[in-house]
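Each protein sequence line maps, in turn, to chains A and B.
If you're matching positions, the first sequence starts at 1 in the UniProt record's numbering and goes up one per residue.
If you're matching positions, the second sequence starts at 1 in the UniProt record's numbering and goes up one per residue.
Glycine included, every Cβ here is placed at the ideal spot set by N, Cα and C.
There are 2 protein chains.
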Amino acid sequence: MLNRLISQRRARQFRRLLRNGKLTLLCLVLTVVVLRGNLGAGRFGTPEKDLDEIRETFSYIRKHAEPRRALVEPSKGQRQRNKPSGGTENGSKNDAEFDVKKILKDEDDGVEEFKRDSTQPYSLGPKIENWDQMRDEWLKKHPNVANFIAEKKPRVLLVTGSSPKPCENPVGDHYLLKSIKNKIDYCRLHGIEVFYNMALLDAEMAGFWAKLPLIRKLLLSHPEVELLWWMDSDAMFTDMAFEVPWERYKDHNLVMHGWNEMVYDQKNWIGLNTGSFLLRNCQWSLDILDTLAPMGPKGKVREEAGKLLTRELKDRPVFEADDQSAMVYILATQKDKWGDKVYLENTYYLHGYWGILVDKYEEMIQKYHPGLGDDRWPLVTHFVGCKPCAKFGDYPVERCLKQMDRAFNFGDDQILRTYGFSHKSLASRGVKRIRNETGNPLEEIRDHTGVPSLPS
Amino acid sequence: MLNRLISQRRARQFRRLLRNGKLTLLCLVLTVVVLRGNLGAGRFGTPEKDLDEIRETFSYIRKHAEPRRALVEPSKGQRQRNKPSGGTENGSKNDAEFDVKKILKDEDDGVEEFKRDSTQPYSLGPKIENWDQMRDEWLKKHPNVANFIAEKKPRVLLVTGSSPKPCENPVGDHYLLKSIKNKIDYCRLHGIEVFYNMALLDAEMAGFWAKLPLIRKLLLSHPEVELLWWMDSDAMFTDMAFEVPWERYKDHNLVMHGWNEMVYDQKNWIGLNTGSFLLRNCQWSLDILDTLAPMGPKGKVREEAGKLLTRELKDRPVFEADDQSAMVYILATQKDKWGDKVYLENTYYLHGYWGILVDKYEEMIQKYHPGLGDDRWPLVTHFVGCKPCAKFGDYPVERCLKQMDRAFNFGDDQILRTYGFSHKSLASRGVKRIRNETGNPLEEIRDHTGVPSLPS
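Here you go:
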């Protein structure tokens with residue numbers, strides 16, 4: 001029996017070795033490309049585009065490799081409880097156990113959500129044609145709620161959110177909590193308001209498409225908001241001092257991290273990133289949302305749209321339509337219509353792919369300082385593919401969670417520093433004092449750029 | 001074997017019945033008191049004080065009854081893993097399982113945190129004597145960062161927080177997430193800034209005492225803040241429209257929900273609540289923090305202080321010193337020193353005990369409206385004793401979590417309503433449309449009091 005177990009285990013290890021061997025070979029090839037990319041990288045900014053290609057290639061690999069294990073492999077009892085079932089959980093349940101699924105069961109679970117006639121074209125809402133004029137009129141009537149909070153500083157609403165259900169992964173909600181704390185800190189320092197969404201406004205537009213009905217609703221309900229900043233829940237601020245160069249975008253309505261060539265020339269599906277973007281509150285924005293939306297409705301429409309996008313875009317894997325691919329497609333195929341109002345920003349990390357940033361934090365601390373926003377000190381570190389809330393992500397869960405802790409602490413240190421504290425290390429939850437109190441608190445006040453509040 | 005299992009089970013059931021019988025008798029007695037209290041309740045405000053006594057009596061009962069089961073009874077394997085151990089987890093661990101404790105193990109876990117000489121009196125920091133003057137000077141030098149953001153409207157910083165560790169209860173972090181979203185919503189509507197703390201600034205002052213070093217640090221670092229509003233993570237806003245009557249407190253430095261007689265005459269440990277309070281940024285506040293702090297340091301000091309407080313206060317159970325009991329004690333024994341600057345508020349629920357509120361939400365919706373803040377529509381519903389983050393709380397976990405969902409939805413509906421949505425019921429995560437879009441978005445804009453933005 002023991003011998004049989006040992007040989008079964010060896011067979012599994014051998015098969016895993018083979019699979020990893022193929023991956024290793026591919027990694028070697030990509031390493032060469034990385035080196036090539038590094039040698040040719042621009043002075044400061046965000047790394048050459050091929051590095052992002054590598055990123056997404058890895059992501060593609062992982063999507064098609066063995067599914068990553070969840071954080072904790074469910075015990076046999078839990079696996080039985082987690083099997084989809086129509087009714088309440090019974091069977092192996094111990095009388096002494098509270099069934100968490102029963103407690104958290106929502107009375108609407110499983111009820112058919114949407115009844116729209118799917119042969120009719122999808123719409124985000126009644127067509128609005130003159131929002132610019134309506135908004136101007138409203139602003140004139142409400143001069144005390146201006147759309148600019150200071151000269152050249154627009155009123156910005158940062159919008160993010162997550163599912164109203166607890167995460168399938170037990171620690172997922174803890175990372176969502178740290179992520180919103182991180183956003184609260186940045187926004188407090190920069191005079192930005194926060195909206196955390198936990199409501200699915202349109203069941204047809206679930207998943208990544210849920211942001212469209214939400215964004216439209218918020219724009220129309222808040223005419224005082226000049227710019228809406230959408231930010232994914234898996235993106236964190238890692239430069240607490242960097243102020244977005246608002247003036248740079250005064251003639252643009254949509255700002256995303258990306259590269260013109262990758263979008264307009266290559267139609268590369270990762271030519272831009274919709275995990276962190278700025279959208280102006282205007283008619284143009286309503287129009288582009290209306291243009292994107294038809295690819296979103298769950299089911300056949302989204303699947304077919306996904307096939308179109310895979311066909312039309314460079315390097316896109318096979319999966320249902322997502323809003324980022326749709327954006328690349330719309331911009332690339334309707335450049336004349338939208339292009340002049342879209343700013344693809346790459347001089348700082350409005351979105352920064354975590355894979356190429358997180359191992360460099362210590363080096364950044366050594367060499368640089370907050371306020372740069374770019375590859376020296378990234379504004380945003382975005383954990384694409386990690387999916388801490390889900391059972392499975394695209395990357396090893398241990399790496400994701402450890403790196404998310406480091407990114408959080410990297411940003412948090414910039415807050416704690418103003419109070420004379422710092423994390424003991426980037427890996428540590430614990431904090432230590434880095435500045436003794438003097439009894440003269442005014443001397444100790446630092447603003448968020450680290451500048452003392454009063455000249456000494 | 002089966003017969004033996006059945007008889008063991010019956011024996012357990014019988015013993016449980018006996019225990020519950022004692023509880024049932026006590027509940028009957030208390031029900032009579034409740035009725036008496038209800039018949040004598042004031043017109044509007046917050047219920048008669050004896051109801052809170054009942055609350056705390058129940059809390060006391062539960063503290064001494066069978067410990068409440070956690071949300072999910074750990075499996076045998078998990079129980080072994082969760083046993084405190086000095087090193088890494090081994091033994092029964094399956095190779096295929098990721099050990100969540102290993103992944104989340106903080107390199108500082110178990111390291112002795114504080115080395116202060118405990119024979120020396122504890123201090124929150126160097127003694128500051130002239131903070132009022134220092135603060136005035138700072139405000140004069142920074143006229144663009146005024147301590148009043150509008151006439152009669154002070155700059156308020158709402159401070160809350162939770163542990164940097166994931167909750168022991170798997171769904172605890174989800175409730176912390178909903179709680180901070182709730183606070184973000186209220187504060188956005190009321191021009192209040194938020195600080196979410198996840199750092200333990202002083203390891204000796206862990207637990208409920210952690211707020212003291214934090215509050216002191218924030219007051220001294222933010223002279224622009226006029227009032228600091230501490231709010232527990234288990235308290236939620238349930239009246240999104242109610243504006244705190246700031247002017248009422250212009251001559252006071254500390255505002256808590258409570259009753260003068262219960263504090264100054266009875267020295268009742270629940271005569272006030274420190275789960276939600278306002279503290280002015282001034283020398284007086286630094287002084288009262290300094291006065292409370294000596295009861296806080298973990299270990300012998302806190303235990304001995306706890307015994308003193310149990311002896312001196314009415315109805316206080318036996319446990320280590322907590323900040324609320326310390327506050328009652330200090331105020332009651334030093335009334336001449338502090339009393340004139342303390343406002344014990346009970347005309348609205350700056351803190352509202354959840355037990356007497358949550359079953360009435362539907363009735364409130366029927367009869368009343370947001371903006372009242374009192375027992376008709378409570379400003380704050382505070383889930384004292386529920387402890388969703390911990391393994392065990394003072395109340396049945398199912399009741400706590402379901403009621404926290406209801407309270408969250410009750411508050412969230414007041415936000416969603418402005419966008420034309422509502423939860424399907426107070427128990428449901430799902431939302432439904434309650435107002436169709438017309439194509440004229442300005443007509444649909446409601447401010448947070450529900451008043452249309454433009455006259456129709």
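Per DSSP, which one or two residues make a beta bridge with residue i?
i, result
"B/Trp229", "B/Leu158, B/Leu278"
"B/Leu344", "B/Met256"
"A/Ala321", "A/Ala321 is not bridged to any residue."
"B/Asn409", "B/Asn409 pairs with nothing; no bridge assigned."
"A/Asn197", "A/Gly161"
"A/Leu272", "A/Gly258"
"A/Arg433", "A/Phe421"
"A/Phe237", "A/Val380"
"A/Lys314", "A/Asn268"
"A/Gly373", "A/Pro378"
"B/Phe148", "B/Pro154"
Tell me the DSSP secondary structure of residue i in three-state form.
i, result
"A/Ile54", "A caution first: A/Ile54 carries a pLDDT of 47, below 50, which makes its placement in the model too unreliable to give a value."
"B/Pro378", "strand"
"B/Tyr349", "coil"
"A/Glu247", "helix"
"A/Ser425", "coil"
"B/Asn182", "helix"
"B/Tyr191", "For the sequence presented, residue 191 of chain B should be read as Gly rather than Tyr. Reduced to three states, the DSSP call for B/Gly191 is coil."
"B/Ile215", "helix"
"A/Lys141", "helix"
"B/Gly339", "helix"
"B/Lys402", "helix"
"A/Gly172", "helix"
"B/Pro166", "coil"
"A/Asp394", "coil"
"B/Thr333", "helix"
"B/Gly385", "coil"
Measure the beta-carbon distance from residue i to residue j and round it to whole angstroms, keeping in mind my assumption that it falls under 8 Å.
i, j, result
"B/Pro441", "A/Ile128", "7 Å"
"B/Asp322", "B/Tyr348", "Contact flag wrong, Cβ pair sits at about 24 Å."
"B/Ser276", "B/Met231", "5 Å"
Which residues in the same chain have their Cβ closer than 8 Å to the Cβ of residue i, if we skip the five residues on either side of it in sequence?
i, result
"B/Pro370", "Asp239, Met240, Ala241, Phe242, Trp377, Gln414, Thr449, Gly450"
"A/Arg406", "Val358, Tyr361, Leu426, Ala427"
"A/Pro121", "Pro294"
Do you know how far the Cα of residue j is from the Cα of residue i?
i, j, result
"A/Phe368", "A/Tyr343", "Just to set this straight, residue 368 of chain A is Tyr in the shown sequence, not Phe. Whole-angstrom Cα-Cα distance: 27 Å."
"B/Phe383", "B/Ala199", "23 Å"
"B/Val431", "A/Cys389", "21 Å"
"B/Leu272", "B/Gly352", "11 Å"
"B/Thr119", "B/His190", "46 Å"
"A/Val358", "B/Ala146", "39 Å"
"A/Val156", "B/Asn268", "47 Å"
"A/Phe421", "A/Ile434", "5 Å"
"B/Arg399", "A/Phe208", "33 Å"
"B/Asn144", "B/Lys424", "45 Å"
"A/Ser428", "A/Arg417", "15 Å"
"A/Glu168", "B/Cys167", "15 Å"
"B/Leu279", "A/Ile184", "22 Å"
"B/Thr438", "A/Leu124", "12 Å"
"A/Leu228", "A/Asn197", "14 Å"
"B/Phe195", "B/Val159", "5 Å"
"A/Met236", "A/Leu372", "16 Å"
Here's a check: name, in chain order, each residue in its chain whose Cβ is nearer than 7 Å to the Cβ of residue i, leaving out the five neighbours to either side.
i, result
"A/Thr291", "Ile330"
"B/Ala206", "Leu200, Lys298"
"A/Lys335", "Tyr264"
Quick one: is residue i near chain D, going by C-beta distance under 8 Å?
i, result
"B/Val431", "The chain inventory of the structure shown lacks chain D, comprising the protein chains A and B."
Please go through the same chain and pick out, in chain order, the residues whose beta-carbon is closer than 6 Å to the beta-carbon of residue i, but skip the five residues on each side of it.
i, result
"A/His174", "none"
"residue 493 of chain B", "The question about residue 493 of chain B has no answer, for chain B in this structure spans 1 to 456."
"A/Glu444", "none"
"A/Asn130", "none"
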